[in-house]
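A.B. asks: Quick one: the structure is below, and I'll ask about it shortly.
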Amino acid sequence: MPDMRPETSVIIPTWNRRDLVARAIDSVLAQTREVGEIIVVDDGSTDGTGEVLAQRYGKRITYVAQANAGVSAARNRGLAMAQGRYLALLDSDDVWLPEKTARQAAFLEANPGIGLVLCDVIRVGVDGETIDVFDRRRQIPADGPALQWVLRDPALAPLSVLMRREVYEDVGGFDESLRTAEDLDFHLRVAARWGIGVVSEPLARALRGHDGLSALASTENDYIAVMERAAESAKGAVPEDARRQALATAYVKNAEGCVWRQRYGQAWGLARKAWALGPEPELRRRLRRLPVMAGKRVLRSMLRRAG
């Protein structure tokens, strides 16, 4: 009996983005290799998203509404519903370029040992101007086992993902207890068990600088919790020095973030953890710059208060 499942399913979580989500859906419908199932999970919108999508798309999409529970819960609901052999993710403020599905599905067909494939991402501002291109080869220099590299830089960009259904069935979905860094956690769990590949082309466009979660107070806490858990699990799976340097990198990066947010006590705590790991020269240089960064932040704050 022929397999009647759709080849590819895409999950699009959304919350109060009725205009932006339509743009995301249109980019999926414009794929040169058809996406057989489009699942939109409305995470408690109050802007009439459901009515607009029903009128515009009808049965071309599967629309499901739930009480607001966060992006991880919305993604997980869509993943549990999806029937495709390949699964993809797309946030409602992002879009795919027309060849994304074709390029990535062809890659998985040609590389049976790879579970998940990524692509480069064009990052744009609210004015439409290009900010930069997220070059995935800089993060993952070779296709295949990637845990050592993902530990060092766990950035994911969910819109860049196409994965085999078996990956989701193996590692599960997104950690709903995390307010932020849930995508990093997912990437690390996949890298610990599956080969990862890269199609070195910009096949998606991500909107930045409007209403993201990066300013939340929990950002550094979640990132560090995820990284410490992953680093502990990676003992014996990657060279010990690489594991320690990856953890030191996470501490330094988030110490810098804490200084920027003027959470100096937390910054110094992370800096001490990084130093105890014997950080490489570039990380030591960044640690030594923290007091200078903090002084500049304090001075700017004083000048603002002085008018």
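Sequential numbering from 1 applies to the sequence shown in full-length UniProt numbering.
Where is the CB? At the ideal position from N, CA and C, for every residue including glycine.
Determine which residues share a DSSP beta bridge with Leu195 and list them.
C.D. replies: Checking the displayed sequence, the identity of residue 195 turns out to be Gly instead of Leu. Paired residue(s): Ile114.
A.B. asks: Quick one, are the C-beta atoms of Glu7 and Arg75 less than 7 Å apart?
C.D. replies: no
A.B. asks: Out of Tyr63, His187, Ile25, which has the shortest C-alpha to C-alpha gap to Leu147?
C.D. replies: His187
A.B. asks: In terms of alpha-carbon separation, which member of Ala206, Leu303, Ala234 lies closest to Gly128?
C.D. replies: Ala206
A.B. asks: With a threshold of 7 Å between beta carbons, is Asn68 in contact with chain C?
C.D. replies: Protein chains in the displayed structure number just one, and chain C is not present.
A.B. asks: What's the gap between the Cα of Val124 and the Cα of Ala192?
C.D. replies: 31 Å
A.B. asks: If you follow the beta strand (DSSP E) that Gln66 is in, where does it begin and where does it stop?
C.D. replies: 62 to 66
A.B. asks: Would you call the CB atoms of Ile61 and Ile140 closer than 7 Å?
C.D. replies: no
A.B. asks: Applying the criterion that 16 or more other CB atoms from any shown protein chain within 10 Å of the CB defines a buried residue, is Trp96 buried or exposed?
C.D. replies: That one is buried.
A.B. asks: Go ahead and label Thr249 buried or exposed: buried means 16 or more other beta carbons lie within 10 angstroms of its beta carbon, across all protein chains shown.
C.D. replies: buried
A.B. asks: Report buried or exposed for Ala231, applying the criterion of at least 16 other Cβ atoms within 10 angstroms of its Cβ.
C.D. replies: By the 10 Å Cβ count, Ala231 comes out buried.
A.B. asks: Whole angstroms is fine: what's the gap from Ala234's alpha carbon to Thr49's?
C.D. replies: 42 Å
A.B. asks: Taking the beta carbon of Lys296 as the centre, do at least 16 other beta carbons fall within 10 Å, making it buried, or is it exposed?
C.D. replies: exposed
A.B. asks: Near Asp175, what residues of its chain come up, given a Cβ to Cβ distance below 7 Å and the 5 sequence neighbours on each side ignored?
C.D. replies: Result list for Asp175: Ser72, Glu182, Asp185, in chain order.
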